[in-house]
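Have a look at the structure below, then the notes.
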Amino acid sequence: MLKNAQKDFIQRHIGTSEEEQKVMLQELGYKNLDELISKTVPEKILLKESLNIGDSNSEYKALRKLKNISKKNKVYSSFIGMGYYGTYTPYVILRNILENPGWYTSYTPYQPEVAQGRLEMLLNFQQMVIDFTGMDIANASLLDEGTAAAEAMGLSHRLCKKDTKKVFISKNCHPQTIDVIKTRAEPLGLKIVVGDEDKDINESIICGIIQYPGTLGDIKDPSEAISKIHKHNGKAVLVCDLLALAKLKTPGELGADIAVGSSQRFGIPMGYGGPHAAFFATKDEFKRSMPGRIVGVSVDRHGNKALRLALQTREQHIRRDKATSNICTAQALLAIVSAAYAVYHGPKGIRKIAESVSQLTKNFADKLKQSGYELYSDYFFDTVTIKTLDKTDKIYKNALDQQVNIRKVNSEMLSVSFDERKNLYRANQLLKIFNCSETIKETMNKSLSNLPKNLLRTSTYLDHPVFNSYHSETGMLRYLKRLEDSDIALNRSMIALGSCTMKLNSVSEMIPVTWKEFSQPHPFSPVEQVDGFRELFTDLKNWLRSITGFSGVSLQPNAGAQGEFAGLMVIRKFHEKNGEKNRNICLIPSSAHGTNPASAQMVGMKVVVINCDQQGNVDYDDLKKKVEEYSDNLAALMVTYPSTHGVFEEKITDICDLIHKNGGQVYMDGANLNALVGIAKPGNFGPDICHINLHKTFCIPHGGGGPGMGPIACKKHLEIYLPSHSIVSDCGPATGIGAVSAAPWGSSSILSISWMYIKMMGSEGLKLATQNAILNANYIANKLKDHFPILYKGKNGNVAHECIIDIRKIKRETGITEEDIAKRLIDFGFHAPTMSWPVPGTMMIEPTESESLSEINRFCETLVKIKEEINKIKNGKFDKIDNPLKNAPHTHVELTANKWTHKYDRETAAYPSATLKSYKYWPPVARVDNVYGDKNLFCSCPSLDDYKETAA
Amino acid sequence: MGEVKFSKEHEWIKLDGDVATIGITKHATEMLGDIVFVELPESGSSIEKDGNAGVVESTKAASDVYTPVSGQVLECNQSIIDDPSKINSDPENQAWFFKLKIKDKSEMESLMNKEEYDKFAKENTN
Chain P
2 MLKNAQKDFI
12 QRHIGTSEEE
22 QKVMLQELGY
32 KNLDELISKT
42 VPEKILLKES
52 LNIGDSNSEY
62 KALRKLKNIS
72 KKNKVYSSFI
82 GMGYYGTYTP
92 YVILRNILEN
102 PGWYTSYTPY
112 QPEVAQGRLE
122 MLLNFQQMVI
132 DFTGMDIANA
142 SLLDEGTAAA
152 EAMGLSHRLC
162 KKDTKKVFIS
172 KNCHPQTIDV
182 IKTRAEPLGL
192 KIVVGDEDKD
202 INESIICGII
212 QYPGTLGDIK
222 DPSEAISKIH
232 KHNGKAVLVC
242 DLLALAKLKT
252 PGELGADIAV
262 GSSQRFGIPM
272 GYGGPHAAFF
282 ATKDEFKRSM
292 PGRIVGVSVD
302 RHGNKALRLA
312 LQTREQHIRR
322 DKATSNICTA
332 QALLAIVSAA
342 YAVYHGPKGI
352 RKIAESVSQL
362 TKNFADKLKQ
372 SGYELYSDYF
382 FDTVTIKTLD
392 KTDKIYKNAL
402 DQQVNIRKVN
412 SEMLSVSFDE
422 RKNLYRANQL
432 LKIFNCSETI
442 KETMNKSLSN
452 LPKNLLRTST
462 YLDHPVFNSY
472 HSETGMLRYL
482 KRLEDSDIAL
492 NRSMIALGSC
502 TMKLNSVSEM
512 IPVTWKEFSQ
522 PHPFSPVEQV
532 DGFRELFTDL
542 KNWLRSITGF
552 SGVSLQPNAG
562 AQGEFAGLMV
572 IRKFHEKNGE
582 KNRNICLIPS
592 SAHGTNPASA
602 QMVGMKVVVI
612 NCDQQGNVDY
622 DDLKKKVEEY
632 SDNLAALMVT
642 YPSTHGVFEE
652 KITDICDLIH
662 KNGGQVYMDG
672 ANLNALVGIA
682 KPGNFGPDIC
692 HINLHKTFCI
702 PHGGGGPGMG
712 PIACKKHLEI
722 YLPSHSIVSD
732 CGPATGIGAV
742 SAAPWGSSSI
752 LSISWMYIKM
762 MGSEGLKLAT
772 QNAILNANYI
782 ANKLKDHFPI
792 LYKGKNGNVA
802 HECIIDIRKI
812 KRETGITEED
822 IAKRLIDFGF
832 HAPTMSWPVP
842 GTMMIEPTES
852 ESLSEINRFC
862 ETLVKIKEEI
872 NKIKNGKFDK
882 IDNPLKNAPH
892 THVELTANKW
902 THKYDRETAA
912 YPSATLKSYK
922 YWPPVARVDN
932 VYGDKNLFCS
942 CPSLDDYKET
952 AA
Chain W
88 MGEVKFSKEH
98 EWIKLDGDVA
108 TIGITKHATE
118 MLGDIVFVEL
128 PESGSSIEKD
138 GNAGVVESTK
148 AASDVYTPVS
158 GQVLECNQSI
168 IDDPSKINSD
178 PENQAWFFKL
188 KIKDKSEMES
198 LMNKEEYDKF
208 AKENTN
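Top line first, the protein sequences correspond to chains P and W. Each residue of the first sequence is one higher than the one before, starting from 2 at the first, in our numbering. Each residue of the second sequence is one higher than the one before, starting from 88 at the first, in our numbering.
Put into structure tokens, the structure is as follows:
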């Protein structure tokens with residue numbers, strides 16, 4: 002009795018009961034799950050033994066165990082700075098966004114009609130960044146400050162008309178930023194010059210990267226350096242601080258071309274490195290070359306204002322190896338939290354925080370000077386660097402004894418950064434640590450002479466009404482609720498997006514993320530203070546080893562595409578160390594996810610596309626031909642398994658052998674791992690290295706477009722090249738490729754989510770999850786096959802964990818497209834499946850194991866009803882143009898207007914299924930006009946007058 | 088005025104003396120959908136046969152434009168930069184992309200005539 006409770010979570014996670022599974026299996030003609038699997042997965046790769054994860058645990062037991070682990074983290078008061086600062090997440094935002102599945106279980110806003118809420122908040126984020134940086138346009142987040150700076154280098158490189166390969170980086174940049182840029186520059190053949198911006202910009206450069214204020218806190222006027230950079234044909238990139246910009250002149254006003262940084266200190270906990278949203282802002286003329294997603298304003302088909310993702314043709318899913326970046330999953334949820342922070346505090350609130358932080362820092366600095374200390378600079382915002390000389394070690398130790406972390410710059414200097422969480426008590430405690438007899442009194446001097454007069458900001462920011470309307474908690478609560486209500490997330494209905502694995506993100510998995518032991522530590526805290534995290538990382542790495550069959554694991558990459566970049570860099574270094582630097586050809590199937598070729602080009606590899614055969618599998622003959630053609634220079638093959646078409650390709654081991662025989666390495670895209678866990682191990686069937694999307698298979702929620710985590714796992718011969726970090730040196734091998742993320746273990750705090758999932762499910766639960774994911778997909782394929790052709794099947798006509806329905810014939814016969822079907826699904830309350838990828842004119846359905854039979858049936862019935870509507874168009878019962886599909890989705894405004902001009906009735910439009918009468922999702926806008934949006938690009942908050950013109 | 092010829096990359100080319108006018112075909116615009124942006128090569132620059140000669144973007148696709156022959160760019164069509172929708176409405180006449188002073192007339196020989204191109208386009212449609 003007691004023993005069985007430990008498996009309770011398995012039934013909470015898996016949506017169908019055992020009885021329901023029996024019914025479904027029967028429909029497919031199988032006795033049990035094992036039989037289904039043995040008839041679906043190639044015999045050669047089917048796992049005979051179980052995973053080595055251990056027993057399942059109940060939610061309560063797992064939480065208790067993790068709590069005990071977390072208690073091994075010591076939470077010191079952090080003054081380390083270096084881009085990570087203490088901040089308070091307003092409780093109304095904590096509960097209503099960060100802890101709210103209505104916000105964190107949503108998908109990237111590719112179906113804008115069902116995403117207006119989060120699109121608005123992301124637009125607020127863009128506006129906030131534009132305001133603080135003084136630039137023209139900003140994107141909806143990048144992965145971290147380091148990679149954002151590297152992306153700025155990327156943009157400058159793409160637009161550089163001169164022959165130079167040099168990139169200048171100020172030595173005043175945060176060290177982790179310099180490291181990430183070095184890692185990203187090397188494969189592109191760019192030469193990094195780290196130096197003093199006042200003296201060392203002497204020749205033609207692609208860009209010059211300056212930190213403002215500097216890493217030691219000093220505020221220097223960057224104008225001259227910017228002129229110099231421009232004189233030498235480079236772009237001027239300022240890595241800046243949002244809170245400092247509340248008081249200082251903006252990068253835009255100073256002449257910068259690009260401004261990047263992190264928005265972490267606007268309400269996001271440090272989380273031992275993440276997740277946080279980085280920002281990227283630039284001039285209008287560079288907009289088509291910008292990386293990342295951009296939210297733009299357009300109109301819907303009634304002419305009402307509607308938001309959407311703009312200029313998508315820059316991105317990897319369209320441009321592939323010519324994309325502006327490989328970025329896919331970013332940090333949407335965190336960008337939303339930061340924007341909410343700005344909405345809640347408003348310009349006055351932010352200015353007050355900035356002034357208090359700076360005032361406290363100044364008072365502290367004055368007392369230090371009075372005690373005889375010499376400061377590195379008289380001009381600073383929140384960070385003071387002190388020349389402690391021979392007292393350095395003693396003071397540093399004093400701090401540790403008081404459970405305070407300060408930054409040891411070198412053997413002669415210490416640095417302290419103040420932030421929103423620091424008060425008089427902390428400042429005086431710090432003075433004592435520095436052996437200062439003085440203390441700061443409440444009534445001290447209130448002048449900010451530490452801010453240079455010529456750099457004081459005079460321009461306003463956060464002027465838009467949205468930042469000035471919701472300063473009471475009730476107001477904010479209702480604003481957040483209104484936005485949440487506009488969207489479809491997993492708390493409403495199934496989101497069967499192929500390749501996204503939108504499975505349950507249980508509350509028990511989410512709870513530990515905000516425990517202070519996980520959310521508060523600074524990423525560069527002394528490692529002795531974070532034994533809890535160490536144990537969490539070790540557990541997770543061991544489990545991922547067991548699951549993948551690989552021996553080496555790095556938890557540093559903070560997205561799948563980051564994992565791809567890191568993995569390919571590992572392969573590249575492997576070849577280099579083997580004396581085969583010439584190996585630079587990367588073979589990629591045409592069906593691959595766009596991030597694959599985009600990542601390959603970032604690693605300096607040349608992409609050669611492999612065709613797919615009629616069955617949608619890698620064309621083995623084409624592969625063989627190209628492998629032989631490029632044999633001498635073959636670096637790698639990138640393969641997804643099961644394929645992006647949802648098929649367990651039989652030839653996978655032959656394919657890997659072929660690559661190995663010709664000197665190449667095999668990279669596996671782990672996006673479809675949900676069909677492999679407990680059933681097959683990539684480490685056994687051929688690949689050398691893979692990434693794992695923790696935000697797919699391992700339950701980190703999608704957050705509207707991030708956060709994600711993309712750890713990589715590899716075979717022994719590649720282990721020595723895994724990512725490392727210069728500040729926390731034992732996170733990876735010294736022989737490794739360097740840092741790919743700003744923080745050593747990426748977005749550490751959300752690793753607790755995957756830890757919880759794996760701990761609760763255990764070996765048995767993980768395998769059951771995979772088996773049921775495959776069952777559900779095959780059940781759907783079987784239910785739909787008489788209505789929509791199922792494109793691509795594997796052994797015994799089975800699919801893996803997803804299936805593709807082909808809409809092309811329907812399009813030819815009736816003019817109805819997959820987009821029309823997607824929009825009509827909204828009228829039924831569903832988010833569309835994956836559209837037009839990997840095959841144009843199709844939809845890819847991945848239910849996951851978390852859906853109930855009733856929801857799966859409802860989805861199938863919906864698609865069947867839509868097919869009936871299509872048939873009505875075909876035989877003339879519905880008009881070819883004026884029909885419910887072409888006009889979908891229907892808003893409540895259109896449906897209740899006094900005038901109804903359509904050739905079909907309102908009830909058909911609104912309630913195509915009777916059950917919708919008791920629970921109906923109403924899209925706030927009608928179909929969004931994409932062409933208008935890209936032709937008339939507008940990426941900041943529209944004026945209030947514009948809102949007055951539109952209908953509700 | 089010479090006849091119109093077509094490339095495998097869905098460009099058309101009309102030769103008048105040694106000046107070629109180049110654009111993209113109606114078939115190409117149907118594949119792309121509503122065009123929102125076009126980037127043309129720099130006036131005065133030299134481009135080689137099958138080399139990059141700009142980009143054309145719709146909301147769901149971006150396509151490189153290649154030049155079917157080598158030459159020096161004489162003029163670009165500003166009207167399609169100002170209003171890319173002109174490319175959808177009149178791709179094979181008013182919405183030409185750029186004019187080239189060509190080097191080698193023999194490069195035209197390997198291109199397809201209208202009948203050959205129409206057949207090619209049909210076979211290569213999704």
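Cβ coordinates follow ideal geometry from the N, Cα and C atoms, glycine included.
Cβ-based neighbour list, residue i, same chain, cut-off 8 Å, excluding 5 preceding and 5 following
i	result
Ala149/W	Val142 and Val143
Ala562/P	Gln317, Asn327, Ile328, Cys329, Thr330, Thr596, Ala599, Ser600 and Gly711
Distance between residue j and residue i (C-alpha atoms, nearest Å)
i	j	result
Lys68/P	Ser749/P	16 Å
Asp420/P	Pro885/P	55 Å
Asn175/W	Glu28/P	49 Å
Asn180/W	Asn583/P	47 Å
Thr951/P	Glu121/P	At Thr951/P, the pLDDT of 40 sits below 50, so the modelled position is not reliable; the number obtained from the coordinates is stated separately. Approximately 16 Å, taken between the alpha carbons.
Thr108/W	Phe124/W	20 Å
Ala953/P	Asp935/P	Legend: pLDDT at Ala953/P = 35, less than 50; position of this residue unreliable, no value from coordinates given.
Thr116/W	His696/P	38 Å
Asn101/P	Ile387/P	43 Å
Minimum Cβ-Cβ distance from residue i to chain W less than 8 Å
i	result
Asp935/P	yes
Asp137/P	no
Asn931/P	yes
DSSP three-state assignment for residue i, whether helix, strand or coil
i	result
Arg408/P	strand
Phe281/P	strand
Ser78/P	strand
Asp883/P	coil
Met83/P	coil
Ile38/P	helix
Trp901/P	coil
Val115/P	helix
Asp787/P	coil
Gln212/P	strand
Cutoff 8 Å: residue i Cβ touching any chain P Cβ
i	result
Lys147/W	yes
Glu144/W	yes
Val125/W	no
Cβ pair residue i, residue j closer than 8 Å
i	j	result
Lys236/P	Ser157/P	yes
Pro708/P	Gly274/P	no
Gly671/P	His703/P	no
Ala341/P	Ile94/P	yes
Val865/P	His788/P	yes
Phe169/P	Ile206/P	yes
Glu98/W	Pro155/W	yes
Proximal residues to residue i (C-beta, below 7 Å), its chain only, five neighbours per side dropped
i	result
Cys940/P	Gln127, Ile138, Ile295, Val296, Gly297 and Ala311
Glu819/P	Ile808, Met836, Ser837, Gly842, Thr843 and Met844
Ser853/P	Gly16 and Thr17
Gln360/P	Lys447 and Leu449
Ile775/P	Leu37, Ile38, Thr41, Ala676, Ala801 and His802
Leu537/P	Ile70, Leu752, Ser753 and Trp756
Cβ-based neighbour list, residue i, same chain, cut-off 6 Å, excluding 5 preceding and 5 following
i	result
Arg458/P	Lys248, Leu249 and Lys250
Gly763/P	Ile54, Gly55, Asp56 and Ser57
Glu254/P	Gly135
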